[in-house]
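Heads up: the structure comes next, in structure tokens.
Number of protein chains: 2
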Amino acid sequence: MLWSGWGDPAKAADLPQPVRKLLRELLGVREPARPAASFGEVRLGPVALSPLILAELRRAVGADHVRFDDDARIRHTRGKSTLDLLRMREGDGADAPDAVLLPGTHQEVLDVLRLCAEHRVAVVPFGGGTSVVGGLAPSRRGFAGVVALDLARLNRLISVDEESMVADLEPGLRAPQAEQLLAGHGLTLGHFPQSYEYATLGGFAAARSSGQASAGYGRFDDMVVGVTVATPRGTLELGRAPKSAAGPDLRQLVLGSEGAFGVITSLRLRVRRAPAEKVYEGWRFASFTAGTAALRRVAQEGPMPTVLRLSDEAETMVGLAEPGEIGGFQGEAGCLAVVGYEGDGDDVAYRRERTAETLSGLGGVYLGPERGEAWARGRFSAPYLRDALLAAGATVETVETACFWSGLPRLYDAVRLVLGAALGTPGASPLVMCHVSHVYGTGASLYFTVVTAQSDDPIGQWETAKRAVNEAIGLAGGTISHHHGVGGDHRAAYAAEIGELGVEILRAVKERLDPAGILNPGILLP
Amino acid sequence: MLWSGWGDPAKAADLPQPVRKLLRELLGVREPARPAASFGEVRLGPVALSPLILAELRRAVGADHVRFDDDARIRHTRGKSTLDLLRMREGDGADAPDAVLLPGTHQEVLDVLRLCAEHRVAVVPFGGGTSVVGGLAPSRRGFAGVVALDLARLNRLISVDEESMVADLEPGLRAPQAEQLLAGHGLTLGHFPQSYEYATLGGFAAARSSGQASAGYGRFDDMVVGVTVATPRGTLELGRAPKSAAGPDLRQLVLGSEGAFGVITSLRLRVRRAPAEKVYEGWRFASFTAGTAALRRVAQEGPMPTVLRLSDEAETMVGLAEPGEIGGFQGEAGCLAVVGYEGDGDDVAYRRERTAETLSGLGGVYLGPERGEAWARGRFSAPYLRDALLAAGATVETVETACFWSGLPRLYDAVRLVLGAALGTPGASPLVMCHVSHVYGTGASLYFTVVTAQSDDPIGQWETAKRAVNEAIGLAGGTISHHHGVGGDHRAAYAAEIGELGVEILRAVKERLDPAGILNPGILLP
Chain A
314 MLWSGWGDPA KAADLPQPVR KLLRELLGVR EPARPAASFG EVRLGPVALS
364 PLILAELRRA VGADHVRFDD DARIRHTRGK STLDLLRMRE GDGADAPDAV
414 LLPGTHQEVL DVLRLCAEHR VAVVPFGGGT SVVGGLAPSR RGFAGVVALD
464 LARLNRLISV DEESMVADLE PGLRAPQAEQ LLAGHGLTLG HFPQSYEYAT
514 LGGFAAARSS GQASAGYGRF DDMVVGVTVA TPRGTLELGR APKSAAGPDL
564 RQLVLGSEGA FGVITSLRLR VRRAPAEKVY EGWRFASFTA GTAALRRVAQ
614 EGPMPTVLRL SDEAETMVGL AEPGEIGGFQ GEAGCLAVVG YEGDGDDVAY
664 RRERTAETLS GLGGVYLGPE RGEAWARGRF SAPYLRDALL AAGATVETVE
714 TACFWSGLPR LYDAVRLVLG AALGTPGASP LVMCHVSHVY GTGASLYFTV
764 VTAQSDDPIG QWETAKRAVN EAIGLAGGTI SHHHGVGGDH RAAYAAEIGE
814 LGVEILRAVK ERLDPAGILN PGILLP
Chain B
314 MLWSGWGDPA KAADLPQPVR KLLRELLGVR EPARPAASFG EVRLGPVALS
364 PLILAELRRA VGADHVRFDD DARIRHTRGK STLDLLRMRE GDGADAPDAV
414 LLPGTHQEVL DVLRLCAEHR VAVVPFGGGT SVVGGLAPSR RGFAGVVALD
464 LARLNRLISV DEESMVADLE PGLRAPQAEQ LLAGHGLTLG HFPQSYEYAT
514 LGGFAAARSS GQASAGYGRF DDMVVGVTVA TPRGTLELGR APKSAAGPDL
564 RQLVLGSEGA FGVITSLRLR VRRAPAEKVY EGWRFASFTA GTAALRRVAQ
614 EGPMPTVLRL SDEAETMVGL AEPGEIGGFQ GEAGCLAVVG YEGDGDDVAY
664 RRERTAETLS GLGGVYLGPE RGEAWARGRF SAPYLRDALL AAGATVETVE
714 TACFWSGLPR LYDAVRLVLG AALGTPGASP LVMCHVSHVY GTGASLYFTV
764 VTAQSDDPIG QWETAKRAVN EAIGLAGGTI SHHHGVGGDH RAAYAAEIGE
814 LGVEILRAVK ERLDPAGILN PGILLP
């Protein structure tokens with residue numbers, strides 16, 4: 314993974330000429346004054362941990378699995394939000410951990426937590442490092458140091474129970490590794506978020522990830538039927554059945570806890586048979602309003618496709634609906650929808666026929682498979698595009714939320730309005746695009762991408778816009794995140810969303826499981 | 314509701330002659346030595362609340378809404394488990410509340426909780442009074458008294474949002490009232506547990522109810538997208554979107570909390586269009602093993618019917634699969650399955666065809682609609698039958714659990730073995746019957762009904778059996794309840810299931826929301 318950007322440097326995206334032109338002419342984007350810092354220019358503080366603590370940590374996980382070289386520290390600094398990347402591009406390594414630990418077993422995680430609690434060392438559970446909400450840069454205040462607890466060595470497929478269609482997997486598995494291991498049994502998780510190539514199973518669970526095929530396979534939190542968690546106070550083992558009436562569902566307290574309550578060391582996940590057939594198709598709607606009404610009908614009356622997403626007019630026009638083909642389909646009118654079906658032949662045929670009937674009946678125009686396949690080819694490439702845009706002098710970031718269907722138009726307008734106002738200049742408006750990518754019977758998510766010219770202080774520029782947009786989402790009744798999580802960036806908005814008493818509940822749980830407060834301090838909870 | 318049994322006394326069931334014969338000859342059941350106590354014979358303690366407290370409570374909810382007459386107190390004593398009924402039949406009113414309060418608003422609930430915390434009065438949130446797990450008889454120890462907080466006056470349909478397909482409803486609505494109000498909009502919840510005729514929406518949520526049509530409409534906890542809770546520390550309002558990645562899902566901490574954390578005063582529930590068509594059909598399988606394999610295949614490959622249940626050999630033979638027709642279909646071999654479809658014509662046709670294909674392919678023999686319709690007619694009558702059995706000198710009770718598919722045979726054997734051993738006598742074995750009534754891709758529930766001859770101490774007889782069966786469920790890896798809840802009867806088993814740290818989490822939440830510990834003391838948590 315590129316230390317200052319996304320993914321495999323060999324796959325870096327280049328901006329097509331029409332996009333460069335659009336950036337320049339429409340948004341007023343200019344080349345940044347300073348080039349990005351090189352790896353060697355990143356400013357790191359000294360390792361704050363005492364030799365005594367380091368020696369104890371080495372004893373706990375083995376000397377080879379405690380690293381504090383610059384490479385390890387820089388590669389475990391923050392996540393992959395635009396703010397994170399802007400800071401790295403400026404050479405700011407202030408949030409680097411003092412050391413990176415690589416435990417190999419649940420017991421080693423318990424031991425590390427015990428030691429860190431004893432010595433007041435903050436611990437950042439670290440999976441793929443793909444947080445886009447500041448979930449990997451905890452507060453140092455009051456701590457003897459910060460360690461990143463990299464779960465990469467917890468990467469086994471422990472067992473498969475094909476009768477129950479569940480598999481026990483370790484949290485450090487990256488999604489493609491997990492899919493490859495399961496494919497050996499003819500199985501799949503069906504979880505394909507944009508971070509797919511790098512994110513880990515533990516991260517998906519800890520941050521309640523939702524993938525592009527969530528209409529068919531469900532969100533990641535739907536897939537978790539059991540979980541083992543190491544906490545400073547011992548082990549939690551949850552999940553004896555798919556569903557239970559035995560009290561509150563404590564699994565749902567671990568899911569979304571973002572490493573603030575404990576470290577997930579094992580997951581029991583629902584799996585599915587690998588689909589025999591995959592079909593992705595394009596549809597066009599005259600407007601975002603017409604398109605969302607059609608998606609709503611599909612979600613409420615079923616049957617559900619596997620993938621169901623709709624770009625608004627702006628996203629369709631720019632061609633970002635298929636990021637791999639950026640520039641290729643520019644200038645289109647209306648709104649592009651991508652509808653996919655995965656499964657066996659009969660099932661795909663039935664769902665495709667019923668869905669097509671509903672979409673046509675509500676004004677959808679069938680565009681054939683070409684547009685769906687273009688989307689599928691480029692489905693993981695948007696983060697690469699962001700690097701190219703940042704380098705070209707644009708700020709690009711995403712904002713996502715969800716609400717009930719009747720609130721969607723107001724939420725859509727509120728976010729666009731605030732992003733436009735916060736990032737506009739007398740000379741140029743930002744480009745704000747949106748899609749619906751996750752639908753339910755009762756509501757849907759909205760996923761915005763905003764592109765604007767970098768000011769002289771792009772970090773401050775985005776921080777200001779982010780504060781305004783968080784507030785607007787709250788006022789419009791949306792949740793502060795549908796699938797990115799809370800991290801540090803949504804902490805205040807999250808507190809407002811669940812209210813004082815909600816925050817107190819979480820604090821009570823945190824204090825009981827992590828009395829020294831070492832786990833991801835400042836993340837999730839204010 | 315009958316004070317010492319179930320439902321409308323006019324609908325009391327009579328035992329058919331073949332059933333009486335079976336009880337006598339197979340189980341050794343004899344008429345009880347003593348007749349059941351009459352209403353007037355119930356022994357009630359004096360009202361323990363001081364005039365001062367009563368005056369304050371009257372001020373909070375209005376004088377008409379504080380009752381402490383014998384009728385109100387007896388009708389709010391315990392729930393409807395067999396133990397509860399046996400105690401009432403013995404005239405034991407020791408668990409009667411001192412008073413019954415009927416608040417009319419969320420604010421009045423808050424006021425009552427504040428007053429009760431101040432005066433250390435225990436509060437039992439009371440919906441339909443249908444708990445079968447001892448959820449309505451909290452511990453008096455250390456309290457100035459106990460009040461039942463009857464939510465019957467919180468019985469409004471507040472609003473319907475047809476665009477989002479959600480409705481805001483109050484917790485005191487009984488299920489048939491709620492269905493009637495929603496039917497005015499062409500809508501339904503689709504939640505039909507056996508307690509349907511009396512249970513309330515608040516109770517469904519607080520105890521994670523699951524209805525007979527859960528395959529199609531989902532469990533009640535799936536339907537709750539928003540919830541308002543009054544606690545001694547103030548109000549919780551949760552649920553801005555169907556799903557969110559903003560931290561742990563706190564709704565899932567309220568669901569299943571059984572009144573121990575707060576009182577649910579409003580629910581936002583997902584609703585569905587009332588189905589145009591309803592089809593229920595019978596199928597026969599050669600064995601329970603063959604039948605569960607077929608249900609598993611349907612649950613894992615879809616599409617799902619709306620109702621999917623399978624009786625084991627014993628339940629099929631006795632004819633309890635259709636309790637309304639008890640005795641009518643006795644002596645059958647094999648296992649009866651009931652498969653139902655509700656929806657629009659096309660959807661029903663497709664699901665029916667695909668499901669029939671799967672069931673036939675796995676040995677199912679189609680029996681036509683007669684057997685499905687018989688089940689549908691009698692679907693709420695089993696509790697009436699229980700009263701007749703108790704009166705005849707039999708003990709009859711249910712035990713339910715769930716686990717992953719691969720563990721099901723072991724769990725099935727363990728529960729039957731233990732019930733047989735605990736309730737058998739040299740002369741007779743108990744009759745143990747079972748059905749699967751809730752299926753998921755990864756597992757299923759098991760619902761046992763056991764009938765045995767009452768000993769001289771039927772309460773002690775069942776308490777001993779219950780302890781043994783709770784332990785057996787735990788050892789076999791099942792959850793202590795799939796849809797009845799924890800109450801007092803499953804408290805110890807629940808603590809073992811979630812472990813010490815799980816209990817500590819719940820205690821931490823409880824202490825934060827209810828520092829005086831007045832809410833349902835002794836229920837849910839040990």
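Protein sequences, first through last, are from chains A and B.
Going by our numbering, the first residue of the first sequence is number 314, and it counts up by one from there.
Going by our numbering, the first residue of the second sequence is number 314, and it counts up by one from there.
We put the beta carbon where it would ideally sit given N, CA and C, even for glycine.
Between which residues of its own chain and residue i is the CB-CB distance below 6 Å, once the five residues before and five after are set aside?
i	result
Trp718(B)	Arg609, Gly756
Thr395(B)	Glu710
Leu399(A)	Pro771, Ile772
Pro545(A)	Leu426, Ala430, Asp827
Val446(A)	His797, Gly798, Gly800, Asp802, His803
For a contact defined as C-beta to C-beta under 7 Å, what are the partners of residue i on chain A?
i	result
Trp718(B)	Glu476, Ser477
Gln525(B)	Within 7 Å Cβ-Cβ: nothing; Gln525(B) doesn't reach chain A, min ~15 Å.
Gln613(B)	Met478
Can the beta-carbon of residue i be found closer than 8 Å to that of residue j?
i	j	result
Ser557(A)	Ala715(B)	yes
His378(B)	Gly417(B)	yes
Ser317(A)	Met401(A)	yes
Val706(A)	Val342(A)	In the sequence under discussion, the amino acid at residue 706(A) is Gly, which differs from the Val named in the question. Contact flag set, yes.
Arg597(A)	Leu568(A)	no
Leu724(A)	Ala789(A)	yes
Thr443(A)	Ala349(A)	no
Ala480(A)	Val584(A)	yes
Leu633(A)	Met746(A)	yes
Please classify residue i as buried or exposed, where buried requires at least 16 neighbouring CB atoms within 10 angstroms.
i	result
Ser363(A)	exposed
Glu666(A)	exposed
Thr738(A)	exposed
Asp327(B)	exposed
Asp534(A)	buried
Gly353(A)	exposed
Ala324(A)	According to the sequence displayed, residue 324(A) carries Lys and not Ala. Label assigned to Lys324(A): exposed.
Leu744(B)	buried
Lys334(B)	exposed
By Cβ distance, which residues of its chain are closer than 8 Å to residue i, with the 5 residues on each side in sequence left out?
i	result
Arg820(B)	Leu838
Gln507(B)	Gln525, Arg692, Phe693, Ala695, Pro696
Pro618(A)	Ala528, Gly529, Val611, Val652, Gly653, Tyr654, Arg664, Arg665, Thr668
Rounded to the nearest angstrom, how far is the Cβ of residue i from that of residue j, given a contact under 8 Å?
i	j	result
Val437(B)	Leu426(B)	Wrong, their Cβ atoms sit about 12 Å apart, outside the cutoff.
Leu502(B)	Glu492(B)	7 Å
Val294(B)	Ile793(B)	Given a span of 314 to 839 for chain B in the structure shown, any question on residue 294(B) remains unanswerable.
What residues from chain B crowd round residue i, counting only those whose CB sits closer than 8 Å?
i	result
Leu568(A)	Pro561, Asp562
Arg583(A)	Gly754, Thr755
Tyr807(A)	Ala559, Gly560
Since residue i meets chain A, which of its residues come closer than 9 Å, beta carbon to beta carbon?
i	result
Tyr663(B)	Pro616, Tyr663, Arg667
Val799(B)	Ala558, Ala559, Gly560
Ile811(B)	Leu549, Glu550, Leu551, Ala559, Gly560, Leu563
Residue i touches chain B at which residues, Cβ-Cβ below 7 Å?
i	result
Ser794(A)	Ser557, Ala558, Ala559
Arg825(A)	Glu817, Ile818, Ala821
If I measure Cβ to Cβ from residue i and keep anything under 7 Å in the same chain, skipping five residues before and after, which residues do I get?
i	result
Ala496(B)	Ala587
Ala373(B)	Glu421, Asp424, Val425, Leu428
Pro322(B)	Leu315
His432(A)	Ile366, Ala457
I want to verify the contact list: residues of chain A whose CB lies under 8 Å from the CB of residue i, in sequence order.
i	result
Val782(B)	Within 8 Å Cβ-Cβ: nothing; Val782(B) doesn't reach chain A, min ~15 Å.
His803(B)	Ala559
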